[in-house]
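First the structure, in the form of structure tokens, and then the observations on it.
Numbering (the working numbering), first residue to last: 16 to 309.
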């Protein structure tokens with residue numbers, strides 16, 4: 016297949032592009048900059064110049080492809096709501112080109128916020144009506160008419176350089192000189208290694224089912240205390256518990272997640288696609304942090 020990939024030069028996008036090309040697919044990768052274009056060319060991908068807010072470029076890329084993997088998102092938390100709106104419009108633009116065809120559209124979203132405290136999010140869960148985030152990637156994708164759309168829900172995706180929200184916890188620990196967790200640190204976050212996630216994107220592309228929700232989860236939940244202790248060992252800094260009242264002062268915006276259970280299962284995804292994660296676990300990667308490349 017000829018696959019249009021947005022976010023093709025990103026942390027997840029680059030391994031996805033490599034995985035697709037290795038499996039014999041052609042990749043048309045979206046690039047904003049000359050640097051991004053060069054990196055895609057080195058991987059053997061065709062370059063499509065444009066950006067997430069250039070809807071014409073997105074439509075042209077989708078028109079020229081047999082399927083689309085939408086990975087791009089502007090990760091600027093100071094303008095989060097505005098960036099969520101850009102993402103929604105981008106998904107609708109991609110869908111407008113694919114409508115009425117059998118070409119797949121895979122849209123990226125997350126597992127956070129799908130289940131209540133102590134509950135494990137599954138592929139059967141819908142986004143709740145009181146969903147706490149303005150990002151509506153999943154809702155936008157699954158509401159498209161006549162489009163073979165599905166969603167890939169991501170946990171904390173990691174290697175030794177980046178680890179999703181944990182990356183921000185590491186930055187806070189470096190700044191504060193202490194790695195903290197809230198209370199007893201029993202709340203847990205789901206996680207998956209980047210290599211397993213990239214392979215799952217390929218499997219979803221090849222076996223995509225309209226309206227399906229796939230979970231790229233290797234570990235259903237890793238305790239926050241264990242995460243904080245691994246960060247402390249890697250950075251050689253103290254580890255301590257802080258109260259819920261002190262969380263905002265310590266973590267900043269990350270406090271809204273730092274005490275939450277972000278548990279998720281991938282049982283149905285594994286059975287449906289024959290996906291078996293084999294990459295290192297989150298703690299193993301945190302033990303080998305590559306600080307120089309951060």
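Backbone N, C-alpha and C fix where the C-beta goes; we use that ideal spot for every residue, glycine too.
Candidates the options, of which the one nearest residue i by Cα
| i | options | result |
| --- | --- | --- |
| residue 304 | 242, 261, 290 and 260 | 242 |
| residue 115 | 82, 25, 43 and 247 | 82 |
| residue 197 | 75, 27 and 264 | 264 |
| residue 229 | 130, 277 and 166 | 166 |
| residue 212 | 185, 171 and 225 | 171 |
| residue 99 | 147, 63 and 52 | 147 |
| residue 105 | 31, 141, 77 and 91 | 77 |
| residue 47 | 54, 65 and 53 | 65 |
| residue 283 | 140, 145 and 199 | 140 |
Cβ pair residue i, residue j closer than 7 angstroms
| i | j | result |
| --- | --- | --- |
| residue 285 | residue 34 | no |
| residue 70 | residue 101 | no |
| residue 80 | residue 43 | yes |
| residue 86 | residue 123 | yes |
| residue 27 | residue 59 | no |
| residue 245 | residue 298 | yes |
| residue 225 | residue 168 | no |
| residue 270 | residue 237 | no |
| residue 272 | residue 180 | yes |
| residue 277 | residue 204 | yes |
| residue 210 | residue 294 | yes |
| residue 176 | residue 103 | no |
Assigned exposure category for residue i - 16 Cβ within 10 Å defines buried
| i | result |
| --- | --- |
| residue 17 | exposed |
| residue 29 | buried |
| residue 14 | Shown here, the chain extends from 16 to 309; a query on residue 14 therefore has no answer. |
| residue 223 | buried |
| residue 260 | exposed |
| residue 92 | exposed |
| residue 153 | buried |
| residue 281 | buried |
| residue 161 | exposed |
Straight-line gap, residue i to residue j (C-alpha atoms, nearest Å)
| i | j | result |
| --- | --- | --- |
| residue 296 | residue 274 | 21 angstroms |
| residue 72 | residue 45 | 9 angstroms |
| residue 126 | residue 136 | 7 angstroms |
| residue 143 | residue 111 | 26 angstroms |
| residue 289 | residue 138 | 15 angstroms |
| residue 208 | residue 84 | 19 angstroms |
| residue 51 | residue 155 | 27 angstroms |
| residue 248 | residue 202 | 20 angstroms |
| residue 301 | residue 149 | 30 angstroms |
| residue 132 | residue 232 | 18 angstroms |
| residue 38 | residue 74 | 25 angstroms |
| residue 158 | residue 89 | 22 angstroms |
| residue 190 | residue 267 | 12 angstroms |
| residue 239 | residue 117 | 42 angstroms |
| residue 57 | residue 32 | 11 angstroms |
| residue 41 | residue 53 | 17 angstroms |
| residue 108 | residue 174 | 32 angstroms |
| residue 192 | residue 227 | 43 angstroms |
| residue 4 | residue 63 | Outside the displayed span of the chain (16 to 309) sits residue 4, for which this structure offers no information. |
| residue 186 | residue 262 | 15 angstroms |
Whole-Å CB distance - residue i paired with residue j, under 8 angstroms assumed
| i | j | result |
| --- | --- | --- |
| residue 292 | residue 220 | That belief does not hold up - the Cβ atoms of residue 292 and residue 220 are roughly 18 angstroms apart, past 8 angstroms. |
| residue 255 | residue 195 | 6 angstroms |
| residue 55 | residue 96 | Residue 55 to residue 96, Cβ: 30 angstroms. No contact. |
| residue 257 | residue 188 | The Cβ separation is near 12 angstroms, so there is no contact. |
Closer than 7 angstroms to chain B by CB, residue i
| i | result |
| --- | --- |
| residue 304 | Absent from the structure: chain B. Only one protein chain is present. |
Residue i beta carbon near the ligand FMN (any heavy atom closer than 6 angstroms)
| i | result |
| --- | --- |
| residue 16 | In terms of ligand content, the structure shown is empty, and the ligand FMN therefore cannot be addressed. |
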